[in-house]
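Residue numbers for the sequence shown follow UniProt numbering, so the first one is 1 and each next one is one higher.
Just so it is clear, CB atoms sit at the ideal spot from N, CA and C, and this is done for glycine as well.
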Amino acid sequence: MITLIAAAAENNALGKNNQLLWHLPDDFKRFKALTSGHYIIMGRKTFESFPKPLPNRTHVIISRQPNYHPEGCIVVDSLEKAIAACPKTEEVFVIGGGQIYHQAISIVDKIDITRVHHAFEADTFFPEIDSNEWKLVSEEFHPKDDKHLYDFTFQTFIRK
Numbered sequence: 001m002i003t004l005i006a007a008a009a010e011n012n013a014l015g016k017n018n019q020l021l022w023h024l025p026d027d028f029k030r031f032k033a034l035t036s037g038h039y040i041i042m043g044r045k046t047f048e049s050f051p052k053p054l055p056n057r058t059h060v061i062i063s064r065q066p067n068y069h070p071e072g073c074i075v076v077d078s079l080e081k082a083i084a085a086c087p088k089t090e091e092v093f094v095i096g097g098g099q100i101y102h103q104a105i106s107i108v109d110k111i112d113i114t115r116v117h118h119a120f121e122a123d124t125f126f127p128e129i130d131s132n133e134w135k136l137v138s139e140e141f142h143p144k145d146d147k148h149l150y151d152f153t154f155q156t157f158i159r160k
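Quick look at the structure:
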């Protein structure tokens with residue numbers, strides 16, 4: 001199973017200048033819980049936005065740079081090759097960025113999204129989730145609090 005996992009605003013904003021637009025500790029905890037022990041597929045810019053590789057995950061990076069080889073990571077030049085590099089019997093997560101999400105949404109089985117209830121100025125956006133293709137199977141609302149500046153909802157969609 002291939003799953004897109006993302007946090008996106010009401011206007012599908014993901015980030016600006018290769019940075020997240022919000023800080024939601026509960027979203028980070030959910031991301032860690034869901035992706036730990038799995039292969040994660042991402043673009044080079046997403047990988048480079050991390051201070052260091054994420055622990056307990058196998059990083060598959062899509063890059064067109066021929067000499068790009070971060071230590072301990074699998075580097076390929078297409079989404080198809082990234083998927084081929086992952087085990088077929090395990091859940092694999094596509095974690096961004098925007099271009100990779102747009103390429104992958106037509107072939108993935110599931111979407112786990114944190115919908116941040118605010119609109120942001122951004123330069124990277126998540127693709128529209130077409131209700132003709134996707135069925136919402138769970139959602140869990142979280143109101144803003146002292147650690148979270150925005151209301152947000154965890155949503156899971158499966159392909160119809």
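message: At the level of alpha carbons, what is the spacing between threonine 58 and glycine 96?
response: Between threonine 58 and glycine 96, the C-alpha separation is close to 15 Å.
field: Cα-Cα separation, tyrosine 68 to methionine 42
entry: Cα-Cα distance, rounded: 14 Å.
message: Within a Cβ cutoff of 6 Å, which residues of the same chain sit near cysteine 86, ignoring the five residues on either side of it in sequence?
response: Result list for cysteine 86: Tyr39, Val92, in chain order.
message: Rounded to the nearest angstrom, what separates tryptophan 134 and arginine 159 at their Cα positions?
response: Straight through space, the alpha carbons of arginine 159 and tryptophan 134 are spaced by roughly 5 Å.
- prompt: Near phenylalanine 125, what residues of its chain come up, given a Cβ to Cβ distance below 8 Å and the 5 sequence neighbours on each side ignored?
  reply: When the five nearest sequence neighbours on each side are left out, the beta carbons in the same chain lying within less than 8 Å of the beta carbon of phenylalanine 125 are those of Ala8, Asn11, Asn12, Ala13, Leu14, Gly98, in order along the chain.
query: Per DSSP, what kind of secondary structure is alanine 122 in: helix, strand or coil?
result: Here alanine 122 sits in coil by DSSP.
query: For threonine 35, which residues does DSSP report across the bridge?
result: For threonine 35, no pairing in a beta bridge is given by DSSP.
message: What residue range does the beta strand (DSSP E) around alanine 7 cover?
response: Per DSSP, alanine 7 belongs to the beta strand (DSSP E) from 2-9.
task: Just list the beta strand (DSSP E) runs in the segment 131-158, keeping only unbroken ones of 3 residues or longer that don't cross its boundaries, in chain order.
output: Entirely contained in the segment 131-158, the beta strand (DSSP E) runs reaching 3 residues are, in chain order, 134-142.
Where isoleucine 40 falls: helix, strand or coil (DSSP): Three-state result, isoleucine 40: strand.
Contact set for isoleucine 74: own chain, Cβ-Cβ below 6 Å, skip 5 residues either direction: The answer, listed in chain order, is Val60, Ala85.
task: Would you mind giving the Cβ-Cβ distance between glycine 72 and proline 53, rounded to the nearest angstrom? I have them listed as a contact below 8 Å.
output: 6 Å between Cβ atoms; contact.
task: Report the partner residues of glutamine 65 according to the DSSP bridge assignment.
output: Glutamine 65 is not bridged to any residue.
- request: Find the nearest neighbour of residue 163 within the set Pro55, Phe157, Leu20, judged by alpha-carbon distance.
  value: In the structure as shown, the chain starts at 1 and stops at 160, and residue 163 therefore has no counterpart that could be examined.
- prompt: Which residue or residues does DSSP assign as beta-bridge partners of valine 76?
  reply: The secondary-structure analysis by DSSP pairs valine 76 across a beta bridge with Ile62.
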